[in-house]
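J.: The listed protein sequences derive, respectively, from chains S and Z. Going by the numbering used here, the first sequence opens with residue 1342, and the numbers climb by one from there. Going by the numbering used here, the second sequence opens with residue 5, and the numbers climb by one from there. Positions of the beta carbon are idealized from the N, C-alpha and C atoms, including for glycine. Would you mind keeping the following structure in view while I ask a few things?
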Amino acid sequence: MTPIFDDDARATIATAMDAQVPGAAALGSVEYVEQLLTALDHDPPHLWAAPGDWAGEGPAWLELGPWERQAWTQRLGDVRAVYQRVIEGEATPADERIVHAHACEATYGDPAYGGNRHGGGWQRIGFPEPLFPPTRAPQ
Amino acid sequence: MTDCDVVIVGSGPGGATTAEVLTRAGWSVVILEKGRNHLLDLTPPFASRRHFANDEVAATRRHLLGPDPLLEPRTYRRDETDGERILVGEVNNLPSTVGGGGVHADAKLPRFREEDFHLRSTRGPMPGAAVEDWPVQYDDLEAHYAAVEISFGVAGEAGTNPFAAPRRNDFPMPPGPDMPMAVVSAAAAQRAGFHPYRAPSGVNSVPYDGRRACMDCGFCGGYGCPIEAKGDPVAALRRALITGRCELRPEAFVTDVLRRADGRRATGVRYLDLTGYPTPPVREVHAREAVVLACGAFETPRLLLRTGLGGDLVGRFLTNHFQTFTVGIFPEPTGGERGRSVTHLHDDLMIDTPALRAAAQSAGLPWLRGGVVEHGSGPGPIDEASTYSAGADHLEAMTNSALRRRIWAFTMQGEDLPQAHNRLDLDPSVRDAWGFPAGRVTYAPHAHERAASAYAAPLHEAIMRDAGAQAAFSATSPPQGDLTLQATLGPLGIAPSSRHVMGTARMGTDPATSVVSPEQRLWEVDNVLVCDSSVFVTSAGYNPTLTLAALAHRAATLLSGGKS
Ligand SMILES: Cc1cc2nc3c(=O)[nH]c(=O)nc-3n(C[C@H](O)[C@H](O)[C@H](O)COP(=O)(O)OP(=O)(O)OC[C@H]3O[C@@H](n4cnc5c(N)ncnc54)[C@H](O)[C@@H]3O)c2cc1C
Ligand code: SF4
């Protein structure tokens, strides 16, 4: 995962994330945001993880239809603008709600999305490893 | 030139059941589904596509199963005094995908009771509500209920719910394992004089129909099943496809019903092929016998209104279930992280009792009915985390986990009475990505629903406390009272969160007061059938899917010349 923000910007986002959900940054929340913002650079996009193949090689990624791609292009443009305001210290209350949502997803969502490093978010709240995480091959 | 005997719009439980019946009778069908296909391969042997995982991000945050509200916004207002709308986004959204809402429902599949089909006769009129008897009664549907239970694969236990309607056959499967906390809450409900029972569920308790038994993974309601243990409606779709007489076209958004020049007979449909971008090609499917609309009770009236079919009542009498959530917070974890979301129900508040009559009287109403009550677990960790305020205490709140690990909830699916002004119509200015008017819901509950909720909530809170809860409280959806920012941003939102949508093309025997006949045919173009919960005359207080599928089974049987 190549960083898309410079070090200062990453530090600002990390602080904003930690202010929402303490410890989010250490669990990979900035990487989560970067993976989200660059999701459409991949083919298939790294937006929806699916069970890995039978060899168990980590998550596969599902194709988007052309209209879904249009919606996500628009949505990710909006998200990018939110983080630009965060970096510039001009985040609105609505922006903060989005950062909060992302901090929650990054901390407690599947590690396939770039956050919840090594399942640490789940471990710290005693959440049991899912039986069918996207990172496991279908049984 | 025709393409098939029948074109079916929508591949959810209603459309899939219709396809299964018609193809078994030797008819050819084309199913058009606007959503994408994550469910099954479209070539033999129609295997699972294996797109589903225990993944809260994709399922609940990223619209994997659609509809994406940026492409297909819906709007909501409580009544006309709200102006044109107070919300644009998600309203009663069910998935837009091959399999429809069945894919991620957790599949409590109870039958309605006899009384639910003739409420007007047994309970009498209700001021301000259009309570009518159905033209179809329980006895007309019993065999169809049984057939759908076999098709979807319903696990359950006959004879344990004293209020259940009579059934000729046992369930195809025994019930699956109980969720441990449901055993505790069921015992408390029993001590309060209620009669809880194991929920009939469209989830395999044993290997069935070539599909695996449920693993109680805990990601059930709201998620596609990674191992196809849920049969609704993948089992019916696969059986239709296997006949070789069913073609399923995903990403096909039907925009119009084609008619003969005199307008009296439908000849097919027109659709946008959404695999094309940015200008989706317009295509047509021509059918010899009939057009079946199974778009769900939100999209079917939207299509009818767009095409000018069905008459003035289309969209009116919209019902949801008025949901009352009673939440118990327990000192110890309730174990809801594994299991099928809900394993037990009770429906005592659907029954006419002196206590309910007294409650009705004190509310100034002739009668009261509650709804089926689901004993269920809490949300996933992302949903829980989103509920707590930001800041230093967030981790502590997550670790204490009052709203996930230590929660247990009763959800009463309160019977919602039909009112003409509760309706689905076309929003005057909000449009979808293809330029068609968005569906707009105008909905506020009747005094009956509010009174039933007010009666049920303290009873359920007392049961929660008796089950060991440290605290118990209740909330409704939609919320009552003033619109606050808190309600707007809260997890339930301001629009009804119920995914049970019904009544928008009601059936009857009189064209002046109904949209479809007892055979579910549009009065004005009788080879257009509606095979979803739009046709419900009243909402009953039970999960609707088995009943809408039984009705679709009956309508398709009649259409193809079989016995009802
Ligand atoms: C989380 C969740 C849990 C639920 N749990 C239960 C439960 O336990 N028990 C229960 O009974 N019910 C439950 N439900 C409700 C259940 O999903 C619905 O009752 C059921 O899916 C309705 O079936 P349907 O076939 O009428 O419509 P749908 O399932 O909505 O299917 C309609 C299909 O038609 C397609 N469509 C619509 N318009 C068009 C068009 N113009 N062109 C082409 N295609 C179109 C849609 O994309 C959709 O796929 C639940 C729902 C949710 C979301
Ligand atoms: S709980 Fe069972 S039926 Fe539900 S998704 Fe998990 S394995 Fe499938």
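So with CB distances below 8 Å, who are the chain Z contacts of LEU1378(S)?
T.: Result: empty, since nearest Cβ-Cβ is about 14 Å, beyond 8 Å.
J.: With burial defined as no fewer than 16 other Cβ atoms inside 10 Å of the residue's Cβ, what is the status of PRO2(Z): buried or exposed?
T.: The question about residue 2(Z) has no answer, for chain Z in this structure spans 5 to 568.
J.: Starting from PRO1392(S), find everything on chain Z with Cβ-Cβ shorter than 7 Å and list it in chain order.
T.: Neighbours of PRO1392(S) on chain Z, chain order: ARG54, ALA57 and PRO230.
J.: Residues in the same chain with beta-carbon distance under 7 Å from PRO337(Z), minus the five sequence neighbours each way, listed in chain order, please.
T.: Contacts found: ARG409 and ARG410.
J.: Would you call the segment 548–555 of chain Z in contact with the segment 143–152 of chain Z, where contact means no fewer than 3 C-beta pairs closer than 8 Å?
T.: Cβ pair count under 8 Å is three or more, so yes.
J.: Got a sec? Which residues, its chain only, sit under 7 Å from THR164(Z) by beta carbon, not counting five neighbours each side?
T.: Here the set comprises TYR201 and ARG202.
J.: Buried or exposed: where does HIS504(Z) fall if 16 or more other Cβ atoms within 10 Å of its Cβ makes it buried?
T.: Result: buried.
J.: For the segment 1351–1364 of chain S, which residues have a beta carbon sitting closer than 9 Å to at least one beta carbon of chain Z?
T.: Correct list: ALA1360, GLN1361, VAL1362, PRO1363 and GLY1364.
J.: In whole angstroms, what is the alpha-carbon distance linking SER32(Z) and ASP9(Z)?
T.: About 5 Å.
J.: Alpha carbon to alpha carbon, how far is PHE1468(S) from ASN1457(S)? Give it in angstroms, no decimals.
T.: Spanning the two alpha carbons is a distance of roughly 12 Å.
J.: Give the secondary structure of ASP431(Z) by DSSP, where H, G and I count as helix, E and B as strand, and everything else as coil.
T.: Strand, per DSSP.
J.: Can you check whether the C-beta of ASP1347(S) is within less than 7 Å of a C-beta belonging to chain Z?
T.: No, its Cβ sits nowhere closer than 7 Å to a Cβ of chain Z.
J.: Report the neighbours of PHE223(Z) on chain S: residues whose CB is nearer than 9 Å to its CB, in chain order.
T.: Chain S residues near PHE223(Z): PRO1471, LEU1472 and PHE1473.
J.: Can you pull the chain S residues whose beta carbon is under 9 Å from the beta carbon of PRO385(Z), in chain order?
T.: The answer, in chain order, is CYS1445, THR1448, TYR1449, GLY1450, GLY1462, TRP1463, ILE1466 and PHE1468.
J.: Apart from the five residues on each side of it in sequence, which residues of its chain come closer than 6 Å, Cβ to Cβ, to VAL258(Z)?
T.: So the qualifying residues of the chain are VAL13, LEU36, VAL273 and TYR275.
J.: Measuring from the CB of MET130(Z), is there a heavy atom of ligand 2 at a distance below 6 Å?
T.: For ligand 2, not one heavy atom lies less than 6 Å from the Cβ of MET130(Z).
J.: Would the C-beta of PRO548(Z) count as close to ligand 1, meaning under 6 Å from any of its heavy atoms?
T.: Answer for PRO548(Z): yes, Cβ within range of ligand 1.
J.: Beta-carbon separation of GLU453(Z) and THR415(Z) under 7 Å?
T.: Contact: no.
J.: Just to confirm, does SER209(Z) get its C-beta within under 6 Å of one of the non-hydrogen atoms of ligand 1?
T.: Checking every heavy atom of ligand 1 against the Cβ of SER209(Z), none is found closer than 6 Å.
J.: Please classify ASN547(Z): is it buried, with 16 or more other beta-carbons within 10 angstroms of its beta-carbon, or exposed?
T.: Answer is buried; the Cβ neighbour count reaches 16.
J.: Please identify the residue among ALA190(Z), VAL34(Z), PRO129(Z) and GLY206(Z) whose C-alpha is closest to the C-alpha of GLY472(Z).
T.: Among ALA190(Z), VAL34(Z), PRO129(Z) and GLY206(Z), the Cα nearest to that of GLY472(Z) belongs to ALA190(Z).
J.: Examine ligand 2 and report whether any of its heavy atoms sits within less than 6 Å of the Cβ of ARG344(Z).
T.: Because some heavy atom of ligand 2 lies under 6 Å away, the Cβ of ARG344(Z) counts as near it: yes.
J.: As a quick exercise: from ALA298(Z), THR330(Z), THR513(Z) and CYS221(Z), pick the residue whose alpha carbon is nearest that of ASN464(Z).
T.: The amino acid at residue 464(Z) is misidentified as Asn; the sequence shows His. Of ALA298(Z), THR330(Z), THR513(Z) and CYS221(Z), the residue nearest in Cα terms is THR330(Z).
J.: Which full runs of the alpha helix (DSSP H) of 4+ residues lie inside the segment 375–409 of chain Z, going along the chain?
T.: Entirely contained in the segment 375–409 of chain Z, the alpha helix (DSSP H) runs reaching 4 residues are, in chain order, 385–391 and 398–404.
J.: Span of the beta strand (DSSP E) holding THR480(Z)?
T.: Residues 475–481.
J.: So the candidates are GLY1430(S), TRP1402(S) and GLU1372(S); which of them puts its Cα closest to the Cα of HIS1383(S)?
T.: Answer by Cα proximity: TRP1402(S).
J.: Does TYR1454(S) get closer than 7 Å to chain Z when you measure Cβ to Cβ?
T.: Yes, its Cβ sits closer than 7 Å to a Cβ of chain Z.
J.: Quick check on the burial criterion: 16 or more other C-beta atoms within 10 angstroms. Buried or exposed for TYR281(Z)?
T.: Result: exposed.
J.: Since ARG292(Z) is in the beta strand (DSSP E), which residue starts that stretch and which ends it?
T.: ARG292(Z) -> beta strand (DSSP E) spans 286–297.
J.: Beta carbon of LYS112(Z): closer than 6 Å to some heavy atom of ligand 2?
T.: Answer for LYS112(Z): no, Cβ out of range of ligand 2.
J.: Return the Cβ separation of PRO1363(S) and LEU407(Z) in integer angstroms, given the expectation that the two are a contact with Cβ distance under 8 Å.
T.: With 8 Å as the limit, PRO1363(S) and LEU407(Z) do not qualify as a contact, their Cβ atoms being about 18 Å apart.
J.: Anything in chain S within Cβ reach of SER405(Z), meaning under 7 Å, just list it in chain order.
T.: Near SER405(Z) (Cβ distances below 7 Å), the residues of chain S are ILE1466.
J.: Is there contact here, the segment 208–227 of chain Z with the segment 154–162 of chain Z, by at least three beta-carbon pairs under 8 Å?
T.: Verdict: yes, contact present.
J.: Our contact map puts LEU322(Z) next to VAL519(Z) with C-beta atoms below 8 Å; I'd like the distance itself, whole angstroms only.
T.: Not confirmed; about 12 Å, so no contact.
J.: Using only the alpha-carbon positions, how far apart do ASP174(Z) and LEU145(Z) sit?
T.: In a straight line, the C-alpha of ASP174(Z) is about 16 Å away from that of LEU145(Z).
J.: Could you give the first and the last residue of the continuous alpha helix (DSSP H) run that contains ASP1436(S)?
T.: It spans 1434–1449 - the alpha helix (DSSP H) in which ASP1436(S) sits, taken as one unbroken run.
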